[in-house]
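**Student:** Positions 19 to 1133 (the numbering used here) are the ones given, in order, by the sequence shown.
Note that CB positions come from ideal geometry on N, CA and C, so glycine has one too.
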Amino acid sequence: MVNSEPVYGVHDLRQGSPVAPKDISVDFVSIHGLGGHAFKTWTHSQTGTFWIRDLLPDRLPQVRTLAFGFNAKKTSNNAELDFEDVATQLIAGLNSHRTHEEAVTLPTPEAKLIASCAKGFVFFATPHCGSHLADFVSIFEVFSKIIVDPPNNFIRDLCTSSPKLLELDSDFKSFVREKSIPCTSFYEGERTRRNRLFRGTKIVEKASAQLFIENEEAICLNGDHINLVKFRNSSDERFRLVFDSLKKLVDKIRNAPKPKRMKEHNHIFVPFRPGRYFIGRHDELASLHNWLGDEDNYVPQAVALHGVGGVGKTQLAIKYAVDHSHLYEWVFFANAASAEVLRNDFRQMQHRVCESVDKDENFVEKILAWLTSQEDRWLLILDNANHLQDVSPYLSRLAHRGHIIVTTQDSRVDENEFIRAALHVRSLTPEASQELLFARSGLDPSNEGEAEAAKTLLAEIGHLPLAIDSAGAYMSVRRKSVTEYASLFHEYQKELLDQPRPFSNYERSVSGALELNFKEIDTRPDASALLSLLIFLNRAEVTEAFLKRGVTSQLSWGSNGEAMTVTPQENYVPEALIKLINNPIRLWDALEDLMSLSIITFGSAEDGAGSSFTLHPLYHKCAKHRMSRDLRRKHCAEALLFLAHAFPADEYILEKRDGVLTRAYIPHIIYAYESFKHPDNDLSIDFLDSFASPQSVQQVAGRLRPREVVAKLVLDGDLTYGQGEPKKNAYLLAWIDELLKDSTHLGLKARALSVRLVITYYENGNYAGGIRECEKFLDSVKQAQQSNQTTIDELTNAEIGIIHSTLAELLVTEVGSGSEQFVRSKALLKSWSPLKPEAPSRKETFALGAQARILGKVLKDHGEWAESETQFKVYLDKYAAKGTQPEGWSAGDLAHTLMEQDRAAEAEEILRTYLAARPVYQSMETRTPNRRSDTMYLEMLLGESLMLQEKYAESEALMQQLLEHFFSFGNLWHFEKFRVAFVMTVLARIHHLRGDYYPAIMYWNQMIDYCANKMDVDEQKGKWDRQSFMPLIAELSLSDCYFELGKAEIGRQRQAHSLLLLEKTDGQSWILGLGTYWLNELMTKARKWAAAGVYELDAKLSYQSSVTELPQEAA
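1. For R250 and R258, I'd like the C-alpha separation in whole angstroms.
2. For L658, count neighbouring Cβ atoms within 10 angstroms of its own Cβ and tell me buried if that reaches 16, exposed if not.
3. Ignoring anything shorter than 3 residues or poking outside the segment 318-364, list the beta strand (DSSP E) runs there in chain order.
4. Out of curiosity, what's the CA-to-CA distance linking S451 and R365?
5. Figure out for me which residue from H442, L956, E478 has the closest Cα to the Cα of A335.
6. I need the DSSP call for F665, collapsed to helix, strand or coil.
7. Roughly how many angstroms separate the alpha carbons of V349 and Q368, rounded to a whole number?
8. Is Y109 helix, strand or coil by DSSP?
9. Determine the extent of the alpha helix (DSSP H) in which E466 is found, giving its start and end residues.
10. Do L636 and A545 have their C-beta atoms within less than 8 angstroms of each other?
11. Report buried or exposed for E449, applying the criterion of at least 16 other Cβ atoms within 10 angstroms of its Cβ.
12. Quick one: what does DSSP say E559 is sitting in, helix, strand or coil?
13. On the CB-based measure, 16 or more other CB atoms within 10 Å of its CB, does N240 come out buried or exposed?
14. Measure how close the beta-carbons of V789 and L829 come, nearest whole angstrom, since I'm counting them as under 8 angstroms.
15. Using the Cβ count rule (16 or more neighbours within 10 Å means buried), how would you classify D1058?
16. Between which two residues does the beta strand (DSSP E) carrying H442 extend?
17. For a minimum of 3 consecutive residues, which ranges assigned as the beta strand (DSSP E) are wholly contained in the segment 533-605?
18. Are E559 and H686 closer than 8 angstroms when you measure CB to CB?
19. Helix, strand or coil for L1054, going by three-state DSSP, please let me know.
20. Can you pull the DSSP bridge partners for Y205?
21. In whole angstroms, what is the alpha-carbon distance linking R997 and G207?
22. The beta strand (DSSP E) with W396 in it runs from where to where?
23. Could you tell me the alpha carbon to alpha carbon distance between R945 and K674, rounded to whole angstroms?
24. Might you give, ordered along the chain, the residues of its own chain that have their beta carbon closer than 8 angstroms to the beta carbon of Q64, omitting 5 neighbours on each side?
25. With DSSP as the reference, please indicate the residues paired to A865 in a beta bridge.
26. When we look at the beta-carbon of K1134 and count the other beta-carbons within 10 Å, is it buried (16 or more) or exposed?
27. Given a cut-off of 8 angstroms on the beta-carbon distance, is the pair F436 and S414 in contact?
28. What does the alpha-carbon distance come out to for the pair W1088 and Q1045?
29. List the residues that DSSP assigns as beta-bridge partners of T619.
30. By DSSP, does S849 sit in helix, in strand, or in coil?
31. Is the CB-CB distance between V584 and Q572 below 8 angstroms?
32. Determine the burial state of E943: buried for a count of at least 16 other Cβ atoms within 10 Å of its Cβ, exposed for fewer.
33. Opposite L84 in the DSSP bridges: which residues?
34. Please name the residue or residues paired with I271 in a DSSP beta bridge.
35. Quick one: residues in its chain with C-beta nearer than 6 angstroms to the C-beta of L551, no 5 flanking neighbours on either side, listed in chain order?
36. Below 8 angstroms on the Cβ atoms is my guess for L764 versus T824; work out the distance and round it to an integer in Å.
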């Protein structure tokens, strides 16, 4: 019988065994779980078989079986243990049983620790990743007594979100990986049957019961959690499976070569031991182990760790040294920050190997000679060797005699002939960063708000361990949350980065660590000048080509409307920068200086042309902090003018590119705005203008002032609807207005209005407001011309032509536009012409193209299909710039006119042709940030053309994908809301035409509700409600569905209501998103129902019921 009383500690189950202790080669230790018992957990309730004691010894005579028990119930003696308490008890008990000589002396002093003797692990439904039921139990403690009555500490640490469990899981996996220890994980094959509370569930799911590491075997046992390790007898199928696995493991352990006996005492001289906050770095440690840790094949060599200051190179080197100290007789650490500091540390090393060092002795030569003469293994860490020339003489003598780890910020270290291998130590992963921050601060990582705030903060400090350690320590000491610290960081960034680091392995503050490199760069004028430019640009978006653009002549539009070349000097780029970047020797020397200190890292540009440079975020911040206000202001303004010159003026037309540069450089504009507005930079418009003397502006006709150069930069960003973020677009528009407030440059003001019209008015559905702005501007131009206050050149005239075309478009875009708006719109388009109609400038030709495109839209919206088709073809063939959004929109409009003329197949061909030219925008990842309006418009119309050709399945799949895509944007702009309604109508019509009337009813009602609730708001209030044109057509469509379903009464009410109101519309021919062909189809069917006697077309019926009302069958 098995004792049912509590059994604590380690118990030898083989007492009285005939096998001599010296013949025992393996200890097998059983450890129960929560609410378990050292003996009963493993004992079958009916047969009383305690298989570890009763079945294993005879079958595995060389194995000693031990059982460990601990207090796993809180009600017993008011116990409240946690993982550390139980682990301590286990280790103490095992040590007391491992008293014979072999167990004590194997294999090193560290091997006395039980962990060093572990050779295999077997788990039975162990929740490595936590149990979802533990989360449940911690909430409902009353049920915990029903289950196992566990200590609260255990329940807390078993929750799937427990930081303690995550830390233990990570540490254990690292341990077994590094030691290549085999593991077997058995998991539950059946659901729990006996416990009423959790009947039908698995206490530990399969995924949580596995480690998912290389040397693990996962096996399913046919049993639930309660009976998984209770075996009836030796014939039990589960026992045979477990025994076979154990025997395989025991045989592997017994046949493995015995570890070498190392000397009992070794000499480790390192400045500190890694603490509990050393987190992650498993791959880096594995690389060091692969290079240096082969116990049987000792090859003297030097390796290097390189990376930015504060990334944890020193901690990593010391961690390896301490973990592998059993391999070495001697471990030394020397600071190689300078030649003198290194000499002093060599003196200390010599003192450690000799009792005394005479002041006049050549101690460096002596310690080098001592190291080269040693037969014992040694490891030397040369830390902070940023000047590799200082350590190269020593490497040449020592690299072939022992192991050396060099830590440096110089990424060129792998070029050193004495370094066998080099590892780039990067910032921590986001996951490891978060783990370190919460461990250091002692805060709860399960708080979602804090976790989200931590993500943002950690990205800002570049996931740098030094900065994370500093932030976490500050939170811990000052009792601040992550959110509170982030708020302080934004306001007092410099002060927090200057905070000293007491009780830390890091010697300096964040700023202090970086300042050493800044001082080094101060001695290198070209590197310093280049860094002063880079810190005021977007840190992650600088390429070699971009730097070259900023100092070489670029194309722009001249006042005559033709392309012209502009020099960097004309855009006020500083002469010193021009000379530096245009000299390839000086430029690359400066870049290599910055790279040698890991201030920047190199990569390949996305387009494959040249290199890209990324500045570490903390250098990006701290470099500004150490500048005086005057220097910050100066360098910020210089970077802004540099960017203005580098940015393409009109990439599609002048450079015949597809917009890749414009999209890549947009982040620089955003960062430039933020720098301009930041109070610390003290930058004003007047200071910008100080870069040009009054004489320099007057001497060159048409030369822009610096403020106008910057305004042109933002306008060149090609802001338009369907791109960017509304909030950022809004403040960029406000910045343009501020820069041009006192400008007399009519062309730039016209361009600014064009951008504002689409962003502020078109995008938000405020067409009436846009019409007023256009009319106001054109009136001011007319008055200025009449009073001879301005002279209009070709460039300005072209911009005015764009305003005419935009006004014409707005007039017919407004819902409910009547015939007089169409007449006025066409007249307005004819009222503008180039200054020399017979010989228009290139820029005016572009305006003529916009005129042709808008005229095509006006004709289309008025139902003049053939004439509209002609205009769109003229625009696409003669004017359209390939790959631009206007080209895509016009191709879509052309397809729509073809569909109105019953040419859907031809429309499909055109749509597919233009979509094929836009593959870069087809993926969700590349399209979502800028919403690529023309591509989605083409896809919408492709779905329409497929529907008209009865390709219903293909059309429906495309429309569903588009609907999901639109809703992924979050807040939608007005024109996007209209497109959502369009897609809903296509889906409704697909089911309607297929005779699936109930799904059609659902989509028609969905479309009506969407118009009323989402579109009939703000500037469009009253234009999309249930009584407006589009919803009324949907209402008429609903009536037809009900007639088809034989529900004539509902159909009659809806049809009468919609027809009465449709008669009051002002003769609209073009029906947005539905096409006139659909209304014609509905009217034809209405006459059919009337002819059948189901309905009288001239009946006057009131309509009161809700449009969302559905018959029970539809629901």
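**Tutor:** Reading off the structure:
1. 11 angstroms
2. buried
3. 319-324, 348-353
4. 38 angstroms
5. H442
6. Here F665 sits in coil by DSSP.
7. 13 angstroms
8. The displayed chain sequence assigns Ile, not Tyr, to residue 109. It is helical.
9. 466-478
10. no
11. Exposed: under 16 other Cβ atoms inside 10 Å.
12. coil
13. exposed
14. The sequence given here places Ile at residue 789; Val does not occur at that position. That belief holds up - the Cβ atoms of I789 and L829 are roughly 6 angstroms apart, short of 8 angstroms.
15. Buried.
16. Its beta strand (DSSP E) spans residues 439-442.
17. 572-575, 581-584
18. yes
19. In the structure shown, L1054 adopts helical secondary structure according to DSSP, grouped into three states.
20. BP columns for Y205 point to C238.
21. 51 angstroms
22. 396-401
23. Note that R945 scores 38 on pLDDT, short of 50, meaning its location in the model is unreliable and no value can be drawn from it.
24. R250
25. In DSSP, A865 forms no bridge with anything.
26. Here the chain has residues from 19 to 1133 only, and residue 1134 is not among them.
27. yes
28. Because the pLDDT of W1088 is 45, which lies under 50, any placement of that residue in the model is unreliable, and the number read from its coordinates should be weighed accordingly. So the alpha carbons of these two residues sit roughly 18 angstroms apart.
29. Within the DSSP secondary-structure output, T619 pairs in a beta bridge with T632.
30. coil
31. yes
32. Confidence is the limiting factor: at E943 the pLDDT is only 39, short of 50, which leaves the residue's position unreliable, though a coordinate-based value still follows. It is exposed - the Cβ of E943 has fewer than 16 other Cβ atoms within 10 Å.
33. Residue pairing by DSSP places L84 opposite D30, V47 in a beta bridge.
34. Beta-bridge analysis with DSSP links I271 to no other residue.
35. A657
36. Not really, about 16 angstroms apart at Cβ, beyond 8 angstroms.
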